[in-house]
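In the numbering used here, the protein residues as written are 372 to 504.
Just so it is clear, CB atoms sit at the ideal spot from N, CA and C, and this is done for glycine as well.
Every value quoted in this text rests on a predicted model; they were computed, and no experiment measured them.
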């Protein structure tokens with residue numbers, strides 16, 4: 372399991388947005404601002420989104436039968452943290468509810484009327500600015 376040190380953990384619990392990068396079908400990057408949550412026990416970052424968004428479409432795409440890759444990058448001044456990993460889409464109601472609870476704790480209560488899926492990024496690589504290393 373991938374563990375973040377105390378400085379990195381504190382940073383991913385602060386209220387910041389990040390960019391999410393996924394790959395389109397033609398291999399070009401799709402980069403969008405997102406809110407995300409970090410599950411330290413599972414080493415998973417989660418993004419909730421509508422099922423028809425480009426990021427969800429990209430996350431469903433398989434490369435040679437394997438899950439695609441995604442990158443989250445959170446920046447605040449000179450501090451930054453990048454989380455890289457495989458990405459999968461879940462439409463499981465229990466997982467969606469858990470992701471929305473985590474989102475509400477970090478950001479705000481999401482609109483309950485919007486249909487959502489969860490993008491699960493199983494983080495296998497972490498990069499950061501020196502002050503978070």
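Original post:
Roughly how many whole angstroms lie between the Cα atoms of residue 386 and residue 380?
Top reply: 12 Å
Original post:
If you pair each beta-carbon of the region 461-468 with each one of the region 392-411, do three or more pairs fall below 8 Å?
Top reply: no
**OP:** Along the beta strand (DSSP E) that carries residue 473, what are the first and last residues, could you check?
**Re:** Here residue 473 belongs to no beta strand (DSSP E); instead the alpha helix (DSSP H) covers 464-477.
Subject >> Length of the line joining the Cα atoms of residue 481 and residue 390 >> reply: 19 Å
Subject >> Integer Cβ distance of residue 490 from residue 427, believed to fall under 8 Å >> reply: 7 Å
Original post:
For residue 423, is the classification buried or exposed, using 16 other Cβ atoms within 10 angstroms of its Cβ as the cut-off for buried?
Top reply: exposed
Original post:
Among 419, 451, 395 and 396, which residue has its Cα nearest to the Cα of residue 485?
Top reply: 419
**OP:** Note the first and the last residue of the continuous alpha helix (DSSP H) segment covering residue 380.
**Re:** 377-384
Subject >> Span of the beta strand (DSSP E), counted from its first residue to its last, around residue 437 >> reply: 437-447
Original post:
Got a sec, what are the start and stop residues for the beta strand (DSSP E) residue 417 sits in?
Top reply: 415-420
Original post:
Does DSSP classify residue 454 as helix, strand or coil?
Top reply: strand
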